[in-house]
Amino acid sequence: MSVTLRGVGLAHANGKVALEAIDLHIAPGERVAIIGPSGAGKTTLLRLLATSLQPTRGTLDLLQHDPWRLAAGQRQRLRARIGLIHQAPPLPPRQRVVTAVLAGKLGQWPLAKGLLNLLYPLDASGAQAALARLDIADKLYQRCDQLSGGQLQRVGIARVLYQAPELILADEPVSAMDPVLAGHTLAVLNREAAERGMTLLASLHAVDLALAHFPRVIGIRDGRIAFDLPAADVQPAQLQALYANEQLQASPSLPVQAQPVHIPRC
Ligand SMILES: Nc1ncnc2c1ncn2[C@@H]1O[C@H](COP(=O)(O)OP(=O)(O)OP(=O)(O)O)[C@@H](O)[C@H]1O
1 MSVTLRGVGL AHANGKVALE AIDLHIAPGE RVAIIGPSGA GKTTLLRLLA
51 TSLQPTRGTL DLLQHDPWRL AAGQRQRLRA RIGLIHQAPP LPPRQRVVTA
101 VLAGKLGQWP LAKGLLNLLY PLDASGAQAA LARLDIADKL YQRCDQLSGG
151 QLQRVGIARV LYQAPELILA DEPVSAMDPV LAGHTLAVLN REAAERGMTL
201 LASLHAVDLA LAHFPRVIGI RDGRIAFDLP AADVQPAQLQ ALYANEQLQA
251 SPSLPVQAQP VHIPRC
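In terms of UniProt numbering, the sequence shown opens at residue 1 and continues consecutively.
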């Protein structure tokens with residue numbers, strides 16, 4: 001699924017301009033990391049591509065459609081072709097993991113099948129296979145509120161892999177995982193996307209992970225694209241400029257003693 005933005009701007013309801021004149025083209029099957037400081041506009045850009053926010057200027061093209069020119073029903077069908085991975089997956093606490101994963105296909109199933117699936121998991125083996133890719137097949141019948149933050153994020157990723165959308169939008173998908181697990185999970189997500197030809201856009205705070213796992217990296221600052229480069233071409237000076245923060249107090253904090261690294265598993 002290709003994505004094209006031409007001069008796209010977005011002001012939130014309170015008037016805060018979060019995106020300014022974004023021009024961007026992402027070809028089908030591309031895998032792109034979005035990086036930038038807090039408040040740069042990364043989540044806003046992903047929400048705009050998910051069609052949960054409407055541009056206030058410019059045009060957006062998703063799968064050769066301007067979603068905001070479609071009728072509501074057509075826009076809903078377009079949304080079913082997009083998979084969302086949230087930093088904190090909005091899973092009902094008492095729901096079983098199997099049901100949460102199978103819900104990935106709710107947008108593609110008829111209503112009756114979706115409702116039946118809530119009562120009785122219709123494809124437990126499919127859910128288990130998706131969870132196995134994230135190494136958490138043993139959690140199939142566990143309740144979501146009994147999982148750690150990192151495990152919940154992996155359930156959210158398994159749900160999107162089960163959905164098998166054309167476009168995956170991931171907002172900080174590994175933020176609750178330890179460094180080793182985060183890298184491994186991003187490698188799995190990238191491999192799955194590459195093998196199945198899915199387009200993948202992920203916002204990340206961990207610059208090293210963005211550079212290591214994604215062929216293309218877009219830096220966003222103050223609602224604008226600061227750079228858009230192959231990962232191998234991103235220079236340290238560009239990263240320094242991207243994250244420069246003049247608002248932080250100049251007084252240095254006390255030096256932190258080097259501590260042995262403890263990597264918790266979740
Ligand atoms: N619902 C909203 N209403 C008003 N302003 C908002 C809203 N959501 C975000 N903003 C503002 O829009 C700007 C961009 O926010 P956004 O969440 O897109 O940044 P971000 O790059 O994802 O930040 P972070 O890395 O901290 O999650 C910020 O100035 C933020 O305060």
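C-beta atoms are modelled at their ideal positions from N, C-alpha and C, and glycine is treated no differently.
- Secondary structure at Leu-91: coil, using DSSP grouped into helix, strand and coil.
- Proximity of the segment 129 to 149 to the segment 94 to 110 meets the contact definition, three or more beta-carbon pairs being nearer than 8 Å.
- These are the residues, in chain order, with a beta carbon less than 5 Å from any non-hydrogen atom of ligand 1: His-12, Asn-14, Lys-16, Ala-18, Ser-38, Gly-39, Ala-40, Gly-41, Lys-42, Thr-43, Thr-44.
- Shown here for Ala-193: same chain residues with a beta carbon closer than 6 Å to its own, the five before and five after excluded, namely Arg-31, Leu-200 in chain order.
- Within the same chain, Gly-156, Asp-171 come within 7 Å of His-86 by CB-CB distance, once the 5 residues on both sides are set aside.
- For Leu-119 and Gly-58, the gap between their C-alpha atoms comes out near 44 Å.
- Gly-83 sits buried, since 16 or more C-beta atoms from the chains shown fall within 10 Å of its C-beta.
- Within the model, the alpha-carbon separation for Pro-67 versus Leu-53 is close to 11 Å.
- Closest in C-alpha terms to Gln-64, from the list Ala-71, Asp-138, Leu-78, comes Leu-78.
- In this structure, DSSP gives Val-180 a helical state, which the three-state scheme calls helix.
- Put simply, the backbone Cα of Ile-22 is about 38 Å away from that of Ala-132.
- Residue pairing by DSSP places Ser-203 opposite Ile-34, Asp-171 in a beta bridge.
- Between Ala-18 and Gly-223 the beta-carbon gap is near 5 Å, inside 8 Å, which marks them as a contact.
- Here the C-alpha atom of Val-3 lies approximately 24 Å from the C-alpha atom of Leu-242.
- In this structure, Pro-55 sits away from Gly-15, with a CB-CB distance that is not shorter than 8 Å.
- Selection Ala-158, Ala-88, Leu-60 evaluated against Leu-5 yields Leu-60 as nearest (Cα-Cα).
- Under the three-state reduction of DSSP, Thr-185 is assigned to helix.
- At least 8 Å separates the beta-carbon of Leu-106 from that of Ala-127.
- When beta bridges are read from the DSSP output, Arg-216 appears opposite Val-32, Pro-230.
- In summary, Glu-166 is buried, with 16 or more beta-carbon neighbours lying within 10 Å of its beta-carbon over all protein chains present.
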